[in-house]
Structures are given as structure tokens and as C-alpha cells.
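See below for the structure under consideration.
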Amino acid sequence: MTGKIINLGSGDLILENDKNNESANASITGSIINTGTGKLSIENKNNTKITGDISNLSSGKLDITNNSKIQGGITNSGSGDLSLTNTSTLTGNISNSGLGNLRINNQEGASISKGITNSGSGTLMLNNFGSIGTNDSGYNISNEGDGTLEITNNSKITGDINNLGNGDLSLANTSTLTGNLSNTSNGNLNINNQDDAIILGSITNENSGNLDLINNAFINGNISNSANGALDITNNSKIQGGITNSGSGDLSLTNTSTLTGNISNSGTGNLMIENKNNNGNNTSTISSSIMNTNSGNLMLDNSASIMGSIMNQGSGNLMLNNTGSITKGITNFGNGNLSLTNQENATISGGITNSGSGTLMLNNSGSIGMNDSGYNISNEGDGSVNITSWTIRTDDTTKSLQTLTVGGRSANSVMVENLIVDQSNLNMDELNDINNLVSGVSLNNIKKINTNGSGEMILSYDALSGKIST
């Protein structure tokens, strides 16, 4: 059949393309159009072919079942809905450009080789068990208008998925995505990467829209937020790539598993990180560095493990609450401020350095090790250091107090508001010399020395003589 097939009115039209015998001609080369309010149903059966375009132009409905091959494009440009079930091969573009909705069920073993576009205000729903190719825009799947695109991927998509318009795109992935995922305009992108799924490409949020990502599987590529939109990440499995916030929008990151790439806040927006163990899992880890390099603020709450260094390099502030383990050091380079609380039983192994013009405020009830210069605290720049509280314990091996050691070019300006001596296993002879408690700090800058007991021991400190009495 070579002519056009058109459904013009309000009636329904059923079209079956079937090859009943070897000599039958089961090829439709002309276009198929539904222009009225009626319903057009097309069933393309085994060993048949439709080479022309199929269009739904008005308020009528179009249902397509393809069990063979459709070479032409499929377009829904009116206010009616289009339903497409594919069990075989579609080689043309598929687009939803009007007010109506388009529902696609691409079944196991089936292929859509030219990709899918939603450019109107309708909703496009895709359930993929097969394979999908690339559309004319260079993407496998794109949402380019005000409508909504909903994707459930149960197979493999090898190209990019892009949200280009003001509408929202939601993606539930249970299998493999090898391309990049991007949100480039004012719409929102929601990604749920489910158990055993894989995302190999990058994920980017590039405009004022928001991107929400829940990862319960594996993400290999980098994740970035580069404009004034917000990026919210919940990681319950593994993200291998780096995470960057470089615009004026905020990035919120909750990690209950494994992050191996660097984390950077280089814009004017804020970065909020919560690193915690979850449901009895005590292996949540951020293994690379965390950097705040501009005027945005970094808020970090760690109750698990951070193995990389933490750096505040710009004019923004770093607020850190640690109840877990931080393996490397913490450095405040710029003119921003660092506020740090290290709770009881928490550890910071690499010491703390304040080398810029900002202020370091420190409350330590846990354990803080030495930096590369051999100090617990170094004040190297023009900024100030105020130790509001520091707990000193007795070393289990040497039975000596674990002295607070302060150094750096501006060590004499370090203020110690309160030293707290832990009474557990305390050797009283250690209290005879203030240098057993703290070194490198001007005696006049030590305000108070107490114990953490119930009041049976009271310490009195004389700043002029540096003597401690009980």
C-alpha cells in the first residue's frame, strides 16, 4: 500500500498490517494520520513493515502495537494521547510535541534506534526493557518543553538523557545507563538509581532547576551543580566520581556508604555534608578530600569516617561537627572562619592548621593528633585561634598527660579559654608543671583549668606563675 491513510472524523479506524502468505504485500509506504477526534488503532504484525510516518495531530487517540518493523517517525502533536507498545524494531524518531500524553512500552528484545523527544506540555511515560538509540538532538531521550518526562529503565540505554526545558524529568534506573544525565534549564530532574543499577556517565545541573539524586547502586561519573539551582544527593551505595558545587545554588549531600571522589564547593552557594553510618553499617566512608574554595559556606557533620584532608581556602566559612573519625588534617587557608567541635570519642588524626586571616574556633572533647609540623594546632597566618575547650587525657602507655601542643608563626596569639583534665588514670605529679598540659601558648592566654570529675578535685591556675594547685 503506497497511499496515505487518514482518519478525519470522530469515528474509529482499526488498521492491521499482516503478511498472511509469501506472496502477500504487507508493506505500507505512505503516511498514516489521525486528524480527527476518533481513535486510530494500528497493529503491525510479524514479518511486515511500515515505512511512512505515523502522526496523531488532533484530539483523537492513537494506539500502536508494533511486532515487526516501523521505519518512519511517530509523532503526537495534538491534544490527544498516543500509546505505543513495541516488541520489535522502530527506526524513526518518536516525539510528543503537543498537549497530549505519550506512553511507550519498549519490551525485552525490542529496539528504538532514533531516540525519543518530549517537546510540548504533555507527559511522556517510557518503560524500557529493550534498547534506545539517539534522536536528532544527539540525545537518546530529551525533555525540551514544559511537559513531564517519566522514565523507568529496566535495560540498557547507551546515550545521553537531557532535561532541556521547564518541565520535570524523573528517572528510575534498575539497569545500565552509559551516557550523561543533564538538567540544563528551569525544570527539575529526579534520579533514583536503584539496587544493582549502574550509571557510568556524568550527572550535571546547569541552571535554575533542581536535581534530586538517590543512589542505591553504583555511579561512576562526576556530579556537578554549576548555576543557581539546588542539588540534593543521598548516597546509600557507591559514588566513584567527584562532586562539585560551582555556582550560587546549594548542594546537600547525605552519605551512608562510600564516596571515593573529591568533594568541592567552589562557588557562592553552600555545601552541606552529612556523613553517617546507617542501619548498623559502620563502614560509611568519604575517602578523598573536601574543599571549600570561594565565598560559599561548608557545613560538615561527620559521624562516620573521612579519610581525606579538609580545606577551607576562600572567604566562606567551614562549620564542622565531628563524632566520628577524620584521618588527615584540617586547614583554614583564606579569610573565612573555621568553627570545629570534636566530640568525645571522636578523632582527628592529622591536626589543625590556621594559615590565613580567618578565625579558628575549637571545642575538643575527643582526640586530635599532630599536623605535619608536629603540632596539634598551628597558627601560621594573621588570623586568631580561640580554643574554647580542650580535654587532656592520660596516655595509657606512658601514663603521661597528652599535652596540647601549639605552634606556628602566630602561636603567641592563640587563646585557651578552658583546659579540662580528665581524672581517669590521672598521675597527680603531671599537674606540677603547666607544660605537661599545654605548650607553645602564652601563659597569660590560658584562662581556666578544670577537671571533668564530680567536684572532688578542684584545680586553681595562676597565669602569672604558671602554677597549678589542687
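FYI, full-length UniProt numbering numbers position 119 of the sequence shown as 119, with every residue one higher than the one before it. The beta-carbon is built from N, C-alpha and C at its ideal position, and this holds for glycine as well.
Where the beta strand (DSSP E) containing residue i begins and where it ends
i           : result
residue 441 : Premise fails: residue 441 is in no beta strand (DSSP E) and is neither H nor E.
residue 478 : Absent from the structure is residue 478, since the part of the chain shown begins at 1 and ends at 470.
residue 103 : 102-106
residue 63  : 61-66
residue 206 : Where residue 206 is concerned, there is no enclosing beta strand (DSSP E), given that its DSSP letter is neither H nor E.
residue 272 : 271-275
residue 311 : 310-312
residue 340 : 338-342
residue 57  : Careful: residue 57 lies outside any beta strand (DSSP E) and carries neither H nor E.
residue 118 : 116-118
Where residue i falls: helix, strand or coil (DSSP)
i           : result
residue 458 : coil
residue 464 : coil
residue 431 : helix
residue 34  : strand
residue 173 : strand
residue 321 : strand
residue 163 : strand
residue 436 : helix
residue 413 : helix
residue 469 : strand
residue 554 : As shown, the chain starts at 1 and ends at 470. That puts residue 554 outside it, with no answer to give.
residue 84  : strand
residue 4   : coil
residue 448 : coil
residue 95  : strand
Neighbourhood of residue i by C-beta distance below 6 Å, restricted to the same chain and skipping five residues each side
i           : result
residue 367 : 347
residue 16  : 43
residue 408 : 378, 379, 380
residue 14  : 41
residue 365 : 343, 344, 391
residue 333 : 313, 355, 356
residue 200 : 178, 220
residue 171 : 151, 191
Of the residues the options, the one placed nearest residue i, counting alpha carbons only
i           : options            : result
residue 53  : 72, 46, 270        : 72
residue 246 : 356, 268, 153, 177 : 268
residue 185 : 431, 309, 162      : 162
residue 115 : 75, 47, 276        : 75
residue 196 : 156, 253, 5, 327   : 156
residue 440 : 425, 457, 426, 412 : 412
residue 165 : 353, 100, 118      : 118
residue 399 : 410, 436, 242, 183 : 436
residue 427 : 395, 211, 414, 9   : 395
residue 414 : 259, 451, 359, 255 : 359
residue 109 : 96, 92, 144, 66    : 66
For residue i: DSSP bridge partner residues
i           : result
residue 385 : 360
residue 305 : 285, 325
residue 111 : 89, 131
residue 43  : 16, 65
residue 212 : 190, 232
residue 125 : 103, 150
residue 156 : 131, 176
residue 401 : 394
Within-9 Å CB hit, residue i to chain B
i           : result
residue 161 : Here chain B cannot be found, since the structure has a single protein chain.
7 Å CB neighbourhood of residue i in its chain, flanking five on each side removed
i           : result
residue 98  : 76, 77, 78, 79, 120, 122
residue 2   : 29, 30
residue 142 : 117, 135, 162, 164
Cβ-based neighbour list, residue i, same chain, cut-off 8 Å, excluding 5 preceding and 5 following
i           : result
residue 308 : 262, 286, 287, 288, 289, 290, 327, 328
Check: residue i C-beta below 8 Å from any heavy atom of the ligand GDP
i           : result
residue 381 : The ligand GDP is not part of this structure, which contains no ligands at all.
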